[in-house]
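Letter 260 of the sequence shown, counting from 1, is numbered 260 in my numbering, and no numbers are missing.
Take a look at the structure set out below.
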Amino acid sequence: MAIRLRKKGSPYGVRVPESKLSEKMPIEAAPLPEKVVIPLQQNIGAPCQALVKKGDKVLTGQKIGDSDKFVSAPIHATLSGEVSGTTTVVNPPTGALVEALVITSDGEDKWTELSPPRNPEKLSVKETLERIREAGLVGLGGAAFPTHIKLSPPKGKEIDTVILNGCECEPYVTSDHRMMLEYGEPVLSGLKVISRVLSPKAVYIAIEDNKEDAIDHMEKLVAKLGFTDFKIAPLKSKYPMGAEKTLIEMILGREVPIGGLPLDVGVVVHNVSTAKAVHDAVIEGKPLVERVVTVTGAVKNPKNLMTRFGTSLKSLIDYCGGMDERANKVILGGPMMGIAQFDLDFPAVKGTNSILVTESHPLREQDCISCGKCVEICPMRLMPTLLARYAKAGRYDDCQDNYIDDCFECGACTFTCPANIPLVQYIKIAKKELAKRKAGK
Ligand code: SF4
Ligand code: SF4
Numbered sequence: 001m002a003i004r005l006r007k008k009g010s011p012y013g014v015r016v017p018e019s020k021l022s023e024k025m026p027i028e029a030a031p032l033p034e035k036v037v038i039p040l041q042q043n044i045g046a047p048c049q050a051l052v053k054k055g056d057k058v059l060t061g062q063k064i065g066d067s068d069k070f071v072s073a074p075i076h077a078t079l080s081g082e083v084s085g086t087t088t089v090v091n092p093p094t095g096a097l098v099e100a101l102v103i104t105s106d107g108e109d110k111w112t113e114l115s116p117p118r119n120p121e122k123l124s125v126k127e128t129l130e131r132i133r134e135a136g137l138v139g140l141g142g143a144a145f146p147t148h149i150k151l152s153p154p155k156g157k158e159i160d161t162v163i164l165n166g167c168e169c170e171p172y173v174t175s176d177h178r179m180m181l182e183y184g185e186p187v188l189s190g191l192k193v194i195s196r197v198l199s200p201k202a203v204y205i206a207i208e209d210n211k212e213d214a215i216d217h218m219e220k221l222v223a224k225l226g227f228t229d230f231k232i233a234p235l236k237s238k239y240p241m242g243a244e245k246t247l248i249e250m251i252l253g254r255e256v257p258i259g260g261l262p263l264d265v266g267v268v269v270h271n272v273s274t275a276k277a278v279h280d281a282v283i284e285g286k287p288l289v290e291r292v293v294t295v296t297g298a299v300k301n302p303k304n305l306m307t308r309f310g311t312s313l314k315s316l317i318d319y320c321g322g323m324d325e326r327a328n329k330v331i332l333g334g335p336m337m338g339i340a341q342f343d344l345d346f347p348a349v350k351g352t353n354s355i356l357v358t359e360s361h362p363l364r365e366q367d368c369i370s371c372g373k374c375v376e377i378c379p380m381r382l383m384p385t386l387l388a389r390y391a392k393a394g395r396y397d398d399c400q401d402n403y404i405d406d407c408f409e410c411g412a413c414t415f416t417c418p419a420n421i422p423l424v425q426y427i428k429i430a431k432k433e434l435a436k437r438k439a440g441k
């Protein structure tokens with residue numbers, strides 16, 4: 001029998017040590033590398049095909065990859081120079097091999113000509129979405145879903161609320177926090193564009209209450225810019241507050257149905273860095289070639305670096321003084337949802353918000369003591385202990401019957417388990433097996 005616990009509105013989530021080592025570090029530009037490795041897939045959906053070949057000269061911002069598939073976003077050169085070849089890299093979330101273009105810099109960082117619109121406010125919705133697509137925008141909160149599609153709800157789905165997600169609930173990660181403090185105006189300008197596209201009745205800016213400076217700053221900017229329709233929603237700092245479905249429930253009291261999406265309850269959620277990228281694309285005509293990456297943990301000088309895509313993880317860690325003696329593992333993302341990385345030549349890509357060097361060592365897994373903690377805290381009201389048990393036994397159909405697809409892999413259950421059971425890892429294995437079966441593999 002399928003089980004879903006916890007009543008609507010009851011407490012959930014975990015308090016995690018925040019360790020925001022880089023929260024006071026202003027964003028600085030990472031040095032431009034001598035070469036970049038640019039995977040041709042940096043979004044959920046279809047990969048791009050290369051539009052350039054070995055020996056071609058490219059300019060920064062030039063489109064070098066695109067796809068005719070619906071769910072995809074183009075890729076741009078992040079340096080000027082020459083395409084020196086192709087290679088393959090492992091795409092960390094899926095483990096699949098992805099083709100990548102290698103560009104060797106000419107040291108000049110010459111940009112392609114940008115085409116900002118004369119009067120951005122007069123752009124039609126279609127023109128705005130085209131600009132967002134052409135600029136290669138994907139969700140920068142980690143999901144990397146093409147932004148123009150998220151902004152195009154299917155017929156019959158009316159969007160009445162937009163939520164700008166500035167929660168950044170993952171420990172250690174500070175890129176969105178700094179983005180709000182240092183690029184607040186373009187973030188709000190991007191949110192205005194999003195709002196024009198979707199015409200919602202309400203717009204919320206969600207920020208956790210551990211970022212008081214960002215709450216104050218955004219409040220002041222909203223008043224200064226006269227965006228009185230934007231409401232700041234300060235939220236308790238508790239993991240995983242920044243998850244879309246959690247945010248929607250906390251702010252609006254709406255529950256996204258099982259297997260559903262935010263748009264099923266009339267909501268679209270965008271991350272603050274995505275909003276800034278929307279401003280750059282639509283108002284300035286600038287494609288997405290860089291983002292803020294927090295480099296933190298067991299490194300000498302944790303920083304927030306404006307990073308060109310394709311820069312190697314190693315060079316970013318080295319720029320932060322290198323790993324210190326505590327270093328044990330490198331994770332892309334935060335400690336709760338991040339993915340361990342085995343190759344430091346791998347490049348920072350659109351979905352890379354953080355590089356975390358951890359010092360932790362895995363703890364020995366013990367038997368479940370049926371304490372129920374994982375069940376109590378699961379934001380999706382799942383039974384993580386049961387899902388993990390079924391996954392271990394290879395009973396994947398039972399996992400499916402118990403809503404495994406609703407698990408968004410926040411890792412809160414693993415964090416809270418006193419028996420050190422890697423619950424989310426078992427769940428991920430089961431999801432992968434179910435996906436393989438679905439694909440007929
Ligand atoms: S990882 Fe999945 S099962 Fe575990 S707490 Fe998060 S949503 Fe629930
Ligand atoms: S938290 Fe761990 S020990 Fe407690 S019920 Fe869940 S799996 Fe079992």
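Glycine included, each C-beta is placed from N, C-alpha and C at the ideal position.
| Item | Value |
| --- | --- |
| Any non-hydrogen atom of ligand 2 within 7 Å of L382 CB | no |
| Euclidean distance between Cα positions of L305 and L32 | 11 Å |
| Nearest candidate by alpha-carbon position, reference P154, set G297, H361, V268 | V268 |
| Any non-hydrogen atom of ligand 1 closer than 7 Å to V424 Cβ | yes |
| Range covered by the beta strand (DSSP E) that runs through Y204 | 202-208 |
| Near ligand 2: T228 beta-carbon under 7 Å from a heavy atom | no |
| L137 beta carbon less than 8 Å from that of A275 | no |
| CA-to-CA distance, A96 to I38, given in whole angstroms | 15 Å |
| Assumed close pair A100, V90 - CB separation to whole angstroms, cut-off 8 Å | Actually they are not in contact, since the Cβ atoms of A100 and V90 sit about 10 Å apart, beyond 8 Å. |
| Close Cβ partners of M1 (< 7 Å) along its chain, the five nearest in sequence each way excluded | With a pLDDT of 46 at M1, under the threshold of 50, the modelled position of this residue cannot be trusted; read the value that follows with caution. None. |
| Beta-bridge partners of I232, as assigned by DSSP | I205 |
| According to DSSP, residues forming a beta bridge with V57 | For the record, residue 57 in the displayed sequence is Lys; it is not Val. For K57, which the question treats as bridged, DSSP gives the partners E82. |
| Integer Cβ distance of L423 from P384, believed to fall under 8 Å | 4 Å |
| Heavy atom of ligand 1 within 7 Å of C417 beta-carbon | no |
| Simplified DSSP assignment, three categories, for K69 | coil |
| Beta-carbon spacing of V102, T86 below 8 Å | yes |
| Straight-line Cα distance separating A412 from L5 | Below a pLDDT of 50, predicted positions are generally treated as unreliable, and L5, at 48, falls in that range; no measurement from the model is reported. |
| Contact test: I404 Cβ vs ligand 2 heavy atom, cutoff 7 Å | no |
| The region 281-301 touching the region 351-361, judged by at least three CB pairs closer than 8 Å | yes |
| A281: CB within 7 Å of a non-hydrogen atom of ligand 3 | Within the structure as shown, ligand 3 is missing, the only ligands being ligand 1 and ligand 2. |
| Contacts around A243, its chain only, beta-carbon distance under 7 Å, and the 5 residues preceding and following it disregarded | P379, F408, C410 |
| Cβ-heavy atom distance, P379 to ligand 1, below 7 Å | yes |
| Contact belief for G45 with K69 at Cβ below 8 Å, rounded distance in angstroms | 7 Å |
| beta-carbon G411 near ligand 2 non-hydrogen atom, thresh 7 Å | no |
| Min CB distance A419 to chain C below 8 Å | Looking at the structure shown, chain C is missing, and only one protein chain is on hand. |
| Run of the beta strand (DSSP E) containing Q443, from where it starts to where it stops | With the chain represented from 1 up to 441, any question about residue 443 goes unanswered, as that position is not in the structure. |
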